[in-house]
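For what it's worth, the UniProt record's numbering labels the leading residue of the sequence shown as 1, then goes sequentially. I have placed the structure first, in the form of structure tokens, so that the comments after it can refer back to it.
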Amino acid sequence: MSQETVPWDVFPPTPKLDLSRANQQGLVTNPRGIRLWHAVFGIPLEKTLLANRVPILLMHGGVSSSDWNALQVEYLAANYSVIVLDLPGHGRSPFDDRELSYEKLAGDVAGVLDVLKVNKVAIISWSEGTMLAWSMLAYGHHRRVDRMFAYSVLDDYRKADAEKVMGIWMVGEYFTRTQREWEETHPGEKWEDFLGAWMKMWTREPIWTAETFKHLPVRGESKEAPIVWVVTGDHDEWIPPETHDRVAKFIRNSSYLKMPSAGHLTFMQQPAMYHRMIECFLEDTNVPSTLKASL
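Right, here's the structure in full:
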């Protein structure tokens, strides 16, 4: 019998942030009164902002925490300011808001950037973090996004196949593990209340189409346009396979990357490959129009 398996069918242990290496960390209260935990690693944030560079914002998946992005923090911290943020009620963030919407959540993220005095970020996200990244584009915060590497998104909750997804063995293990981790950081609170608040939103939002994003400036036509990479894995069973083919057409001059041998959690299943793709994304830039080939 073979002693090997495919990389997208592996569920690695949750990595852990080394908080001793954080430049700053703690709760930030945004203008709506929601408390969110954040930390900054790598190049000091003040140094990056003084150099007119853009810090990276890592946003994690639903019901997990920033710990899940620890491998990306370790990889990126040598050359960038890296902000991690526990989504509302997740990880080290208190469960302050129980009536959720993607519009409010986008404002919550923007509010943290306000407190940190950060005008723009390069977002690298997966799953629910990607939902918030798209929400920032959809609900009036697109000027805060310099670029985004948006791994795995669902544009329309009605197209989700929840029964099929919950039948995937790794999804069950994911919820078991994240429940245990959540209960460690939220003693005395009920997982069912937390999950129920998010499930309530997930059964009514989002419904996004190209029309939702038509207000965005277009790359190549405006210097204010964000660089958008729509990213998925060719073996991501958690999201209907046609989803990203559709979403990739929402924003003109966005880019579409389907990573090979990649599942929903490829950032921890295949971190070396994932990090190479991130480097390509961070190096992506417009070129002077004088280089445009003449006919």
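We put the CB at the ideal spot given by N, CA and C, even for glycine. On a predicted model such as this, the values are computed, not experimentally measured, just so you know.
No Cβ-Cβ contact shorter than 7 Å links S81 with I34. Going by DSSP, T48 is part of the alpha helix (DSSP H) stretching over L45 to L50. Between T130 and the set Y174, H215, R276 and V145, the nearest pair of CA atoms involves V145. The residue from H244, H275 and D155 with its alpha-carbon nearest to that of W202 is D155.
If you check the CB distance, L137 and F213 come in under 7 Å. Within its own chain, the residues whose Cβ lies closer than 6 Å to the Cβ of V115, once the five positions on either side in sequence are excluded, are V28, listed in chain order.
When DSSP reads this structure, G26 sits in a beta bridge with H38.
Boundaries of the alpha helix (DSSP H) around R177: W169 to T185. Going by beta carbons, G61 and W134 fall outside the 7 Å limit.
G196 sits in a helix when the DSSP states are folded into three classes. Put simply, the backbone Cα of E205 is about 16 Å away from that of E211. For S289, the number of other beta carbons within 10 angstroms of its own is below 16, and it is reported as exposed. Under the DSSP definition of a beta bridge, F149 partners with I124 and W229. Rounded to the nearest whole angstrom, the C-alpha separation of I124 and Y157 is 22 Å.
In the DSSP assignment, I278 falls within the alpha helix (DSSP H) that extends over P271 to E283. Excluding sequence positions up to five before and after L113, its CB lies within less than 7 Å of the CB of V121 and R144, all in the same chain and listed in chain order. Around the Cβ of A110, a 10 Å sphere holds 16 or more other Cβ atoms; the residue is buried. The C-beta of Q269 has 16 or more other C-beta atoms within 10 Å across all chains shown, which makes the residue buried.
For V73, no beta strand (DSSP E) run applies; the uninterrupted alpha helix (DSSP H) run containing it begins and ends at A70 to L76, by DSSP.
The Cβ atoms of F41 and F149 do not sit closer than 7 Å to each other. A Cβ-Cβ separation of about 13 Å leaves R147 out of contact with P217 under the 8 Å criterion. D234 is positioned such that its CB atom lies closer than 7 Å to that of P260.
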